[in-house]
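To keep things clear, I will list the structure first and then write my remarks on it.
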Amino acid sequence: MIQRLFVGGLVAGFAAGLFSALLHFAFIQELILLGEKYETGALVHFETAGNAPAAEGHSDDNGDDGHSQDHVDGAAGEQGGDSALTRNALTVLFTGLIYAGYGLMLVAGFALAEQLGRKIDTREGVLWGVAGFVALQLAPAMGLAPELPGSVGADITQRQIWWLGTVVATGGGLALLAYGRSVAAAVAAGVLLAAPHVIGAPHLDEYFGSAPAELGAEFASRALGVGLASWAALGWLCARAWNSGRV
Amino acid sequence: MNAMTQTAAKTGTALASIVFAALVGATVIFFAGHAQSATLHDAAHDMRHSTGFPCH
Chain A
1 MIQRLFVGGL VAGFAAGLFS ALLHFAFIQE LILLGEKYET GALVHFETAG NAPAAEGHSD
61 DNGDDGHSQD HVDGAAGEQG GDSALTRNAL TVLFTGLIYA GYGLMLVAGF ALAEQLGRKI
121 DTREGVLWGV AGFVALQLAP AMGLAPELPG SVGADITQRQ IWWLGTVVAT GGGLALLAYG
181 RSVAAAVAAG VLLAAPHVIG APHLDEYFGS APAELGAEFA SRALGVGLAS WAALGWLCAR
241 AWNSGRV
Chain B
248 MNAMTQTAAK TGTALASIVF AALVGATVIF FAGHAQSATL HDAAHDMRHS TGFPCH
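Rendered as structure tokens:
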């Protein structure tokens with residue numbers, strides 16, 4: 001069992017991560033690099049010319065040191081030097097890793113379902129993948145849209161807490177909706193799905209973003225589209241791996 | 248050991264494996280997606296932005 005879980009989750013997850021990294025470079029990376037040009041001031045959007053609060057807001061963040069490093073990497077990214085290669089290799093590695101983590105959770109879910117007498121075929125695997133996308137990306141994005149570099153958000157810890165709460169509540173709500181058998185379960189599912197959005201995500205009182213709104217919108221919608229495709233592939237691959245590992 | 252306790256033991260082992268796999272998965276997601284150390288943040292930066300994790 002443990003071998004089937006780990007081989008299925010890690011291998012299928014990492015493979016889905018490689019597919020996701022491919023989509024990342026096809027649709028998203030160019031927007032990140034462009035966003036960083038606005039963030040560093042290499043490009044200036046007419047409405048935010050000389051907008052000091054954006055820089056101030058950013059220096060409050062814990063990750064500021066790390067982020068200034070990204071500016072250097074971003075500049076190198078344009079030149080196509082060694083650091084661009086390193087940066088992109090790390091993106092591939094970490095996309096593989098994060099999907100391996102997702103894959104393990106998904107296969108653990110398949111195993112739990114099997115213990116309760118349900119077989120997860122590839123079609124159901126894709127549905128689980130889409131549900132994972134809703135729980136880990138779409139629902140959190142309704143409160144905290146995927147951020148283009150150059151966006152300034154509320155305190156990182158508060159946002160992470162809201163993100164985690166939303167993922168747990170949405171995952172629980174979807175599981176109840178899919179597998180609950182009573183009206184009470186459906187009602188509880190509705191409450192869990194709605195609660196994070198009734199509570200509301202932490203936001204600043206003002207907007208400090210230095211990049212054009214159009215660029216931020218394009219980035220957010222592409223990130224969600226890539227996420228959906230990647231998660232559907234993850235669900236399919238995990239179900240295939242899980243079933244082929246049956247002994 | 249009768250059949251019933253054997254089944255119960257098997258189910259217990261299976262549940263422990265499931266919980267362990269889910270915990271390892273959650274730990275990987277935490278470190279790749281949320282940990283704020285500068286090195287991890289830099290390395291995971293572009294992935295965090297494109298997968299919608301709160302990044303910085």
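If you're matching them up, the sequences are chains A and B in order. Taking my numbering, the leading residue of the first sequence gets 1, the next gets one more, and so forth. Taking my numbering, the leading residue of the second sequence gets 248, the next gets one more, and so forth. Note that the Cβ used here is the ideal one computed from N, Cα and C, for glycine as well. All values reported here derive from a predicted model rather than from experimental measurement.
For Val-11(A), the uninterrupted alpha helix (DSSP H) segment begins and ends at 2-23.
DSSP lists Pro-149(A) as the beta-bridge partner residues of Ser-151(A). In its chain, beyond the 5 residues on either side, Leu-31 and Leu-148 have a beta carbon closer than 6 angstroms to the beta carbon of Phe-219(A). Using a CB distance cut-off of 8 angstroms, His-24(A) counts as an interface residue toward chain B.
For the segment 101-117 of chain A, the residues whose beta carbon sits under 9 angstroms from a beta carbon of chain B are, in order, Gly-101, Tyr-102, Gly-103, Leu-104, Met-105, Leu-106, Val-107, Ala-108, Gly-109, Ala-111, Leu-112, Glu-114 and Gln-115. Under the DSSP assignment, Glu-206(A) falls outside any alpha helix (DSSP H); it carries neither an H nor an E label. For the pair Leu-144(A) and Asp-289(B), the Cα-to-Cα distance works out to about 21 angstroms.
Residue burial annotation: Ser-244(A) is exposed, with fewer than 16 other C-beta atoms found within 10 angstroms of its C-beta. Residues of chain A with a Cβ closer than 7 angstroms to the Cβ of Thr-258(B) are, in chain order, Gln-115. Taking a C-beta distance under 8 angstroms as the contact criterion, Ala-189(A) and Gly-180(A) qualify as a contact pair.
Between Ala-100(A) and Val-266(B), the C-beta spacing is not below 8 angstroms.
Gly-280, His-281, Gln-283, Ser-284, Ala-285, Thr-286, Leu-287, His-288, Asp-289, Ala-290 and Ala-291: these are the residues of the segment 280-291 of chain B whose beta carbon lies less than 9 angstroms from some beta carbon of chain A, given in chain order. With fewer than 16 other CB atoms across the displayed protein chains lying within 10 angstroms of its CB, Ile-161(A) is exposed. Taken in chain order, the complete alpha helix (DSSP H) segments of 4 or more residues contained in the segment 152-194 of chain A are 156-179. Here the alpha carbons of Leu-43(A) and Gly-216(A) stand approximately 15 angstroms from one another. With a cut-off of 8 angstroms on Cβ pairs, the segment 226-244 of chain A is in contact with the segment 116-134 of chain A, counting three or more such pairs. Interface flag for Ala-269(B) against chain A is set, since a Cβ pair is found closer than 8 angstroms.
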